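Reviewing the structure listed below.
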Amino acid sequence: MFLLKLEKVAMEIGGNRLFENVDLEIKENERVALIGENDIGKTTLLKGILGLVPFHSGNIYFGVEKSKIGIMPQDMPENLALTAKEWVMEGHPNDPLKKELDRCAEFLAKGNDPNAVEIYNRRLQRYLDAGGYEWEAEMENLLKRFGISEDLWDVPAGSLSGGQKTRLKLAKSVRHSPELLLLDEPTNHLDLETVRWLENWLSRFPGSVLFISHEREFIDHTATVTYELTKAGTKKYAGGYSSYKRQKEQEMKSLQYLYEKQEQERKKLLETIARYKSWYERANAKAGVRNPYAQKKAAKQAAKFKAKERALERLEAKKIEKPEEPERISASLEAADFSGKQMLQMNDVSFSYGKRRVLEKVNLPIARGDRIAVVGKNGSGKTTLLKLLTGELAPGSGTVTRSPQLKIGQFFQELENLHPDRTILDEILSLPEMKSAEARTILACFLFRRDTVYKKIRDLSMGEKCRVAFVKLYFSSANLLVLDEPVNYFDIPARERVEEALEQFPGSIVLVAHDPYLLRKVSNKVVHIENGKAAVFSGGYAEWENRRSLSPSAQILANEWERLKLQYEQLITQESGDPEEEEERMKQLKRIQREMEQLQKKMDDAGS
1 MFLLKLEKVA MEIGGNRLFE NVDLEIKENE RVALIGENDI GKTTLLKGIL
51 GLVPFHSGNI YFGVEKSKIG IMPQDMPENL ALTAKEWVME GHPNDPLKKE
101 LDRCAEFLAK GNDPNAVEIY NRRLQRYLDA GGYEWEAEME NLLKRFGISE
151 DLWDVPAGSL SGGQKTRLKL AKSVRHSPEL LLLDEPTNHL DLETVRWLEN
201 WLSRFPGSVL FISHEREFID HTATVTYELT KAGTKKYAGG YSSYKRQKEQ
251 EMKSLQYLYE KQEQERKKLL ETIARYKSWY ERANAKAGVR NPYAQKKAAK
301 QAAKFKAKER ALERLEAKKI EKPEEPERIS ASLEAADFSG KQMLQMNDVS
351 FSYGKRRVLE KVNLPIARGD RIAVVGKNGS GKTTLLKLLT GELAPGSGTV
401 TRSPQLKIGQ FFQELENLHP DRTILDEILS LPEMKSAEAR TILACFLFRR
451 DTVYKKIRDL SMGEKCRVAF VKLYFSSANL LVLDEPVNYF DIPARERVEE
501 ALEQFPGSIV LVAHDPYLLR KVSNKVVHIE NGKAAVFSGG YAEWENRRSL
551 SPSAQILANE WERLKLQYEQ LITQESGDPE EEEERMKQLK RIQREMEQLQ
601 KKMDDAGS
């Protein structure tokens with residue numbers, strides 16, 4: 001049984017066709033992901049389902065009452081004055097009754113009107129008849145169930161953290177026990193821990209879900225079906241993102257095979273037509289008016305080439321266009337001159353905002369080739385660490401030593417420096433020694449094709465601006481890229497281009513992101529911030545995830561091994577001209593090496 005079905009739906013905005021031929025079906029207990037490029041109309045499609053905007057054509061069928069459809073909006077107003085509890089209650093039929101009862105209670109407390117008691121009692125009876133107090137208790141239990149503690153109920157909803165807002169929006173969307181839940185970018189601004197919580201909650205949700213997302217791992221963990229939305233319509237794929245990707249690659253291979261077969265057939269037909277036509281022309285020239293045999297032969301050749309022309313017309317009518325291969329990032333990048341190994345060193349760095357200690361005694365070396373993923377909960381101090389690295393903030397104590405050859409490039413600095421009156425192409429041409437042909441090739445690699453490069457910066461979406469800023473940063477002379485949430489506004493194709501680019505980058509990278517796909521692909525070192533402490537792990541994000549799944553005792557051994565490895569890396573770069581100091585340094589290196597070998601044996605024994 002279906003809960004929702006769309007047939008040949010089309011949408012126009014301002015006379016421009018946004019999409020057409022959209023078919024979509026959601027069955028009981030399905031988790032359906034809707035993916036597509038930015039600005040293709042995914043959110044508009046949800047609005048059309050809800051009746052907030054009209055579809056231009058097509059049919060929509062509901063197998064569930066509209067009152068049983070829950071919607072979790074993409075954003076919540078930042079200046080929302082309603083408290084968390086008030087916002088969840090808002091819009092419920094009992095909400096105006098409660099507000100009226102509260103006003104009567106305030107009026108009664110003033111004691112100015114002899115009729116106030118009678119009015120209050122009438123309002124109270126209406127509220128009781130509507131099950132008002134039971135409804136209030138139900139709403140409070142709902143808030144608790146979604147992890148919104150009582151101390152947050154009277155806090156303005158707009159001032160909550162991203163994770164708290166997500167829980168609150170989700171609580172409001174399910175307050176009437178929906179059978180179908182619509183979610184628009186539910187993981188926006190969430191840390192990885194809250195995303196995992198959301199995945200677990202959705203896996204237990206008793207109804208069906210349709211959600212928009214660019215988070216590939218979230219789609220993998222949540223979706224049973226994936227629909228891709230393009231201007232030409234929708235296509236259905238079984239499973240999550242990884243499954244979609246495999247099916248898409250197979251489609252491309254099949255399409256390429258059919259295209260090549262078609263082109264071979266076309267070539268063969270054209271050659272045959274040309275041959276038969278030539279024979280016909282020769283036979284027709286010989287025939288004249290008194291040679292019936294030659295006339296008959298000419299007519300036979302004419303019939304043959306006309307039959308082949310009809311076959312060519314049939315082939316053209318079912319023409320398969322050549323599959324477009326995405327442009328690969330092939331622009332050559334040379335590493336900026338950097339003779340030393342160590343680019344930057346943080347020693348015992350601590351930092352506080354007022355009385356709140358954010359980071360404490362952080363030790364972090366950054367060497368050539370390091371690709372560091374900085375992870376931790378929202379508010380743990382990840383962005384603060386980046387600002388200490390770049391010098392935007394000064395440490396409260398400790399030191400940050402930067403090599404004289406270090407050239408730091410910051411993502412948001414490039415974003416802020418974009419000139420609104422320039423075109424995309426102008427911005428890239430402002431890079432030193434950048435030529436027009438190379439700039440256009442680079443922009444095509446980052447999905448700015450054809451006339452798009454002439455769009456003004458002021459007319460771009462946030463995602464497009466971020467792409468321009470990333471390109472400028474990437475092709476600058478920086479040898480250390482500092483990236484704070486660079487893909488937040490990117491669709492999946494743009495994220496994949498960024499991953500490809502960062503894999504090829506010859507310098508070093510420090511990256512904060514909530515996209516596990518990106519972190520796994522790019523990183524070879526992880527800094528995990530928790531309770532003000534920054535633990536450095538020398539493997540990539542995938543290895544760090546595996547480490548986190550170890551038993552507590554094995555984790556203690558692994559953390560100690562990482563601490564020694566960090567100490568070893570710091571010592572190995574501290575060469576001294578003093579023979580005695582150098583001898584002591586070598587002794588320490590050998591001691592640390594022995595301790596690491598002993599710990600490794602213990603870890604191997606624990607794992608066997």
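Heads up, the final residue of the sequence shown is numbered 608 in the UniProt record's numbering, and it's a clean run with no missing numbers.
All residues carry an ideal CB built from backbone N, CA and C; glycine is no exception.
None of these values were measured; they are calculated from a predicted model.
May I ask which residues mark the beginning and end of the beta strand (DSSP E) holding residue i?
{"i": "P506", "result": "Premise fails: P506 is in no beta strand (DSSP E) and is neither H nor E."}
{"i": "A10", "result": "2-13"}
{"i": "R31", "result": "31-35"}
{"i": "L18", "result": "16-27"}
{"i": "G58", "result": "57-62"}
{"i": "Y474", "result": "Counting along the chain, Y474 falls outside any beta strand (DSSP E), though it belongs to the alpha helix (DSSP H) covering 462-474."}
{"i": "Y227", "result": "225-230"}
{"i": "R357", "result": "356-367"}
{"i": "E65", "result": "That residue, E65, is in no beta strand (DSSP E); it is neither H nor E in DSSP."}
{"i": "V88", "result": "Premise fails: V88 lies in the alpha helix (DSSP H), 84-89, not in any beta strand (DSSP E)."}
{"i": "S208", "result": "208-212"}
{"i": "Q413", "result": "It is not in any beta strand (DSSP E) - Q413 instead sits in the alpha helix (DSSP H) that spans 411-416."}
To the nearest angstrom, report how far apart residue i and residue j are at their CA atoms.
{"i": "Q262", "j": "E271", "result": "14 Å"}
{"i": "G207", "j": "G376", "result": "32 Å"}
{"i": "D421", "j": "L389", "result": "32 Å"}
{"i": "I457", "j": "E597", "result": "55 Å"}
{"i": "residue 612", "j": "Y489", "result": "The structure shown has nothing for residue 612, since the chain only spans 1 to 608."}
{"i": "I71", "j": "Y517", "result": "27 Å"}
{"i": "K525", "j": "P493", "result": "25 Å"}
{"i": "E583", "j": "K590", "result": "11 Å"}
{"i": "F211", "j": "Y241", "result": "13 Å"}
{"i": "L190", "j": "L202", "result": "15 Å"}
{"i": "K253", "j": "M462", "result": "34 Å"}
{"i": "D578", "j": "E427", "result": "51 Å"}
{"i": "E313", "j": "K300", "result": "20 Å"}
{"i": "S173", "j": "L181", "result": "8 Å"}
{"i": "I49", "j": "M11", "result": "12 Å"}
{"i": "L143", "j": "A171", "result": "7 Å"}
{"i": "A373", "j": "K587", "result": "32 Å"}
{"i": "Q264", "j": "K318", "result": "15 Å"}
{"i": "V32", "j": "K236", "result": "10 Å"}
{"i": "W197", "j": "L108", "result": "45 Å"}
Which residues in the same chain as residue i place their Cβ atom closer than 7 Å to its Cβ, once the five residues preceding and following it in sequence are excluded?
{"i": "D484", "result": "T383, L386, F411, F412, V512"}
{"i": "G369", "result": "S508"}
{"i": "R123", "result": "E100, L101, C104"}
{"i": "A311", "result": "L269"}
{"i": "L473", "result": "G409, F411, E414, L481"}
{"i": "G132", "result": "N94, L97, K98"}
{"i": "T44", "result": "M11, L18, V53"}
{"i": "F218", "result": "T187, V195, E199"}
Could you give the DSSP three-state label for residue i: helix, strand or coil?
{"i": "G398", "result": "strand"}
{"i": "K235", "result": "strand"}
{"i": "G379", "result": "coil"}
{"i": "Q600", "result": "helix"}
{"i": "T187", "result": "coil"}
{"i": "A513", "result": "coil"}
{"i": "S538", "result": "coil"}
{"i": "S243", "result": "helix"}
{"i": "Y353", "result": "strand"}
{"i": "M346", "result": "strand"}
{"i": "L258", "result": "helix"}
Taking 6 Å as the cut-off, does the CB of residue i come closer than this to any heavy atom belonging to the ligand HEM?
{"i": "W87", "result": "This structure lacks the ligand HEM; in fact it carries no ligand of any kind."}
Where does the unbroken alpha helix (DSSP H) through residue i begin, and where does it stop?
{"i": "H221", "result": "216-222"}
{"i": "D129", "result": "116-129"}
{"i": "D151", "result": "No alpha helix (DSSP H) holds D151; DSSP gives it neither H nor E."}
{"i": "V195", "result": "192-204"}
{"i": "S173", "result": "162-173"}
Using C-beta distances below 8 Å, list every residue in its chain close to residue i, excluding the 5 sequence neighbours before and after it, in chain order.
{"i": "Q256", "result": "P323"}
{"i": "K547", "result": "Going by the sequence as given, residue 547 is Arg instead of Lys. Excluding sequence neighbours, R547 sits near F537, G539, Q555, A558."}
{"i": "V155", "result": "T83, A84"}
{"i": "A478", "result": "A336, K407, I408, G409, G507"}
Can you round the beta-carbon distance between residue i and residue j to whole angstroms, since I take them to be within the 8 Å contact cut?
{"i": "W87", "j": "A157", "result": "4 Å"}
{"i": "I529", "j": "G379", "result": "Contact flag wrong, Cβ pair sits at about 10 Å."}
{"i": "Y280", "j": "A298", "result": "6 Å"}
{"i": "K42", "j": "L34", "result": "5 Å"}
{"i": "V471", "j": "D515", "result": "That belief does not hold up - the Cβ atoms of V471 and D515 are roughly 19 Å apart, past 8 Å."}
Determine, using beta carbons only, whether residue i comes closer than 7 Å to chain B.
{"i": "G63", "result": "Here chain B cannot be found, since the structure has a single protein chain."}
Once the 5 residues before and after residue i are set aside, which same chain residues still bring their CB inside 6 Å of it?
{"i": "H221", "result": "E199"}
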